[in-house]
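Colleague: As given, the protein sequences belong to chains A and B, one line each in that order. The opening position of the first sequence corresponds to residue 39 in my numbering, with each subsequent residue numbered one higher. The opening position of the second sequence corresponds to residue 39 in my numbering, with each subsequent residue numbered one higher. I have a structure I would like to understand better, so I am pasting it below and will then ask my questions one at a time.
Number of protein chains: 2
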Amino acid sequence: MRPTAESKSETIARVLEDEIRSGAVREGDTLESENDLVVRFAVSRSTIRKGLQILATKGLITTKVGIGSFVTFGGTVIDSKSGWSVALSDSEARLQTRILRIARVAMEITCPYLPLGCDVLAVDRIRFHEATGRGLTLERSRMPWRADFADVLTAGLLDGSLSKTLEARDIRSHSGEEWARVLPALPAVEAELMGRTPGEPMLRLTRLTRTAAGAIVEYVESDLDPVLFGLHMAF
Amino acid sequence: MRPTAESKSETIARVLEDEIRSGAVREGDTLESENDLVVRFAVSRSTIRKGLQILATKGLITTKVGIGSFVTFGGTVIDSKSGWSVALSDSEARLQTRILRIARVAMEITCPYLPLGCDVLAVDRIRFHEATGRGLTLERSRMPWRADFADVLTAGLLDGSLSKTLEARDIRSHSGEEWARVLPALPAVEAELMGRTPGEPMLRLTRLTRTAAGAIVEYVESDLDPVLFGLHMAF
DNA sequence: TTTTCATACCTGTATGAACCTGTATGCTAA
DNA sequence: TTAGCATACAGGTTCATACAGGTATGAAAA
């Protein structure tokens with residue numbers, strides 16, 4: 039499988055693919071011209087063309103003579119940290135985030151790593167459809183309590199981002215695990231929160247991240263709308 | 039100096055290994071070219087190559103023709119398991135495999151990579167519960183047709199394994215993608231095949247693997263019993 | 001206003017040189 | 001016999017360069 043050893047053309051293809059999948063370059067957009075890419079990657083044009091060839095083979099772009107290369111991949115990927123990417127199948131859907139609570143609580147979710155009752159920072163968030171107000175994701179993060187979390191309770195997340203908040207405190211995830219399964223029926227409580235009908239199946243994603251020393255950084259349970267969300271991974 | 043009875047190639051391997059393990063040369067870095075190493079160690083190229091061979095056998099480097107040798111030590115890359123591992127939550131369950139068909143057909147599954155109607159080898163399999171006979175997974179593999187697939191139609195899979203069958207023909211997966219999503223309702227046809235009730239939600243796993251050149255090796259759609267199967271990944 | 005055309009920019013293609021690994025062969029010395 | 005050396009050639013990767021032909025645009029001409 040893919041070693042870190044890759045040719046320059048493969049590197050270029052991988053970088054561009056990431057940009058396309060992450061939505062930085064959207065479907066229908068024209069890619070930079072080959073000559074621009076030559077400057078950007080500081081390689082020869084033949085190498086750029088080889089990289090584009092790889093993307094074309096994968097069906098991510100099509101190129102037209104005299105015009106340029108177009109992105110022909112429609113999906114969007116949100117949350118493409120390490121591990122799985124959560125892919126939003128409908129790139130039209132505009133999402134907004136609502137924070138349900140940021141609080142210091144006793145751990146109330148059963149999880150094999152953080153014992154019930156232990157002191158945690160809880161961040162519960164919902165992402166919902168801008169137009170309909172329907173909740174599409176429900177995300178519950180639990181982080182072992184630290185003294186420097188105190189001002190998060192009053193000031194909120196840094197730039198609205200949990201990862202930035204952690205990073206500002208020098209908490210860096212080094213490794214982790216992820217599980218995905220089908221939640222057969224959405225419980226009534228969650229359904230109420232999300233504005234959905236109870237009993238629907240959902241895609242449940244669970245993630246545990248650790249520091250290099252092995253200490254737990256974050257435990258997250260996400261319930262995702264099964265119609266709009268899927269998981270994606272390249273290897 | 040202690041007489042270690044060490045050949046020149048072993049010395050070279052040891053010195054380079056020290057440099058890698060000490061971090062002087064980091065993962066992903068390219069090693070000096072063989073000709074540079076010839077100058078540095080003042081030995082012939084065959085000796086250098088023997089030394090590199092030792093490192094490659096140890097998994098410390100990988101070499102690519104036309105490019106060079108790369109350090110691949112570091113732990114993160116070694117994970118040769120491609121993609122997700124499918125975890126069976128109930129380890130008690132004994133599974134048996136039934137092959138539904140091995141046939142040369144025109145592509146009939148809609149997939150963004152293999153156009154409808156193209157010539158493929160189709161292998162459909164069901165894994166089912168030994169005791170109850172209930173189908174737990176339904177797996178549909180599609181591989182672009184090759185002339186040397188002909189005897190698969192008569193002789194079946196090598197050792198009952200598709201990967202072995204491909205490997206025997208020198209078809210090796212180099213990279214790929216995987217998707218997972220919730221299939222809201224199991225279609226009646228599949229339910230019939232699997233001996234399940236239609237309309238249940240299932241976990242649908244899709245995987246596409248490619249050769250180093252980007253050609254498609256295999257496209258697989260798997261429907262998994264959502265109660266028994268989950269996905270797991272460590273990163 | 002419409003047509004034509006020069007121009008700039010784009011992709012497609014081809015070439016040779018330089019450098020890389022893979023492989024084979026014959027020779028020398030311990 | 002084996003490790004090592006020297007050499008040669010095949011084939012992949014990258015670079016630098018050149019030229020052919022498609023596309024878009026704005027200026028000039030009809």
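Note that beta-carbon positions come from the ideal geometry of N, C-alpha and C, so glycine has one too.
According to DSSP, simplified to helix, strand and coil, what is residue 195 of chain B?
Modeller: coil
Colleague: Rounding to the nearest angstrom, what Cα-Cα distance links residue 74 of chain A and residue 159 of chain A in this structure?
Modeller: 46 angstroms
Colleague: Counting contacts by CB-CB distance shorter than 8 angstroms, is residue 130 of chain B in contact with chain A?
Modeller: Residue confidence is low: residue 130 of chain B scores 49 on pLDDT, short of 50, so the model does not pin down where it sits. No coordinate-derived value is stated.
Colleague: Out of B:214, B:233, B:265, B:230, which has the shortest C-alpha to C-alpha gap to residue 270 of chain A?
Modeller: A check of alpha carbon separations from residue 270 of chain A across B:214, B:233, B:265, B:230 identifies B:214 as the nearest.
Colleague: At 9 angstroms on the CB atoms, spell out the chain A contacts of residue 218 of chain B, in chain order.
Modeller: 122, 218, 241, 268, 269, 270, 271
Colleague: Determine the chain A residues that contact residue 222 of chain B at a beta-carbon separation under 8 angstroms, and present them in chain order.
Modeller: 239, 264, 265
Colleague: Does residue 45 of chain A get closer than 8 angstroms to chain B when you measure Cβ to Cβ?
Modeller: Taking Cβ atoms only, chain B reaches closer than 8 angstroms to residue 45 of chain A, which makes this a yes.
Colleague: Is the separation between the beta-carbon of residue 258 of chain B and that of residue 249 of chain B shorter than 8 angstroms?
Modeller: Cβ distance not < 8 angstroms, so residue 258 of chain B and residue 249 of chain B don't count as in contact.
Colleague: When you compare only the Cα positions, how much space is there between residue 118 of chain B and residue 211 of chain B?
Modeller: In this prediction, residue 118 of chain B scores a pLDDT of 29, lower than 50, which makes its location untrustworthy; no coordinate-derived value is stated.
Colleague: Listed from N- to C-terminal order along the chain, which residues in the stretch 73-101 of chain B have their beta-carbon within a distance smaller than 9 angstroms of any beta-carbon of chain A?
Modeller: 99, 100, 101
Colleague: Determine whether the Cβ of residue 299 of chain B lies closer than 8 angstroms to any Cβ atom of chain A.
Modeller: Residue 299 of chain B lies beyond the stretch modelled for chain B, which goes from 39 to 273, so this question has no answer here.
Colleague: Taking C-beta to C-beta, are residue 183 of chain B and residue 157 of chain B nearer than 8 angstroms?
Modeller: Between residue 183 of chain B and residue 157 of chain B, the C-beta gap is smaller than 8 angstroms, which places the two residues in contact.
Colleague: Using 10 angstroms around the beta-carbon of residue 47 of chain B, count the other beta-carbons present and answer buried if the total reaches 16, otherwise exposed.
Modeller: buried
Colleague: Can you list the residues of chain A that residue 150 of chain B reaches, using a CB-CB cut of under 8 angstroms?
Modeller: 97
Colleague: Put residue 47 of chain A into one of helix, strand or coil per three-state DSSP.
Modeller: helix
Colleague: Can you tell me which of the three DSSP states residue 164 of chain A falls into?
Modeller: strand
Colleague: In the DSSP output, what is residue 98 of chain A paired with across the bridge?
Modeller: Beta-bridge pairing links residue 98 of chain A to no other residue.
Colleague: Report yes if the C-beta distance between residue 166 of chain B and residue 136 of chain B is below 8 angstroms; otherwise report no.
Modeller: yes
Colleague: Taking 8 angstroms as the cut-off, does the stretch 189-205 of chain B touch the stretch 145-156 of chain B (at least 3 CB pairs, one atom from each stretch)?
Modeller: no
Colleague: Residue 118 of chain A by DSSP, collapsed to three states: which one?
Modeller: Residue placement at residue 118 of chain A is flagged as unreliable, the pLDDT there being 46, under the threshold of 50; a coordinate-derived value is accordingly withheld.
Colleague: With 16 as the cutoff for other CB atoms within 10 Å, does residue 239 of chain A come out buried or exposed?
Modeller: buried
Colleague: Applying the criterion that 16 or more other CB atoms from any shown protein chain within 10 Å of the CB defines a buried residue, is residue 264 of chain B buried or exposed?
Modeller: buried
Colleague: So is residue 129 of chain B buried or exposed if we call it buried at 16+ other beta carbons inside 10 Å?
Modeller: Confidence in residue 129 of chain B is poor, its pLDDT being 45 and thus under 50, which makes the residue's placement too unreliable to answer from.
Colleague: Give the interface partners of residue 252 of chain B over in chain A, defined as CB-CB distance under 7 angstroms, in chain order.
Modeller: Here the neighbours are 92, 95, 96.
Colleague: If you run the structure through DSSP and keep just helix, strand and coil, what is residue 52 of chain A?
Modeller: helix
Colleague: Is it a yes or a no for the stretch 43-60 of chain B touching the stretch 226-240 of chain A, going by three-plus beta-carbon pairs under 8 angstroms?
Modeller: no
Colleague: Could you give the first and the last residue of the continuous beta strand (DSSP E) run that contains residue 246 of chain B?
Modeller: 240-248
Colleague: Do you know offhand how far residue 146 of chain A's Cα is from residue 185 of chain A's?
Modeller: CA-CA distance, residue 146 of chain A to residue 185 of chain A, rounds to 20 angstroms.
Colleague: I think residue 94 of chain B touches residue 101 of chain B, with their Cβ atoms under 8 angstroms apart; what is that distance to the nearest whole Å?
Modeller: 6 angstroms
Colleague: Consult DSSP for residue 108 of chain A and reduce its assignment to one of helix, strand or coil.
Modeller: strand
Colleague: If you count every other CB in all the chains shown that lies within 10 Å of the CB of residue 218 of chain A, and 16 or more means buried, which is it?
Modeller: buried
Colleague: Taking only the alpha-carbon atoms, compute the straight-line gap between residue 98 of chain B and residue 55 of chain B and give it to the nearest angstrom.
Modeller: 8 angstroms
Colleague: Apart from the five residues just before and just after residue 172 of chain A, which ones in its own chain have a Cβ nearer than 7 angstroms to its Cβ?
Modeller: 166, 233, 234
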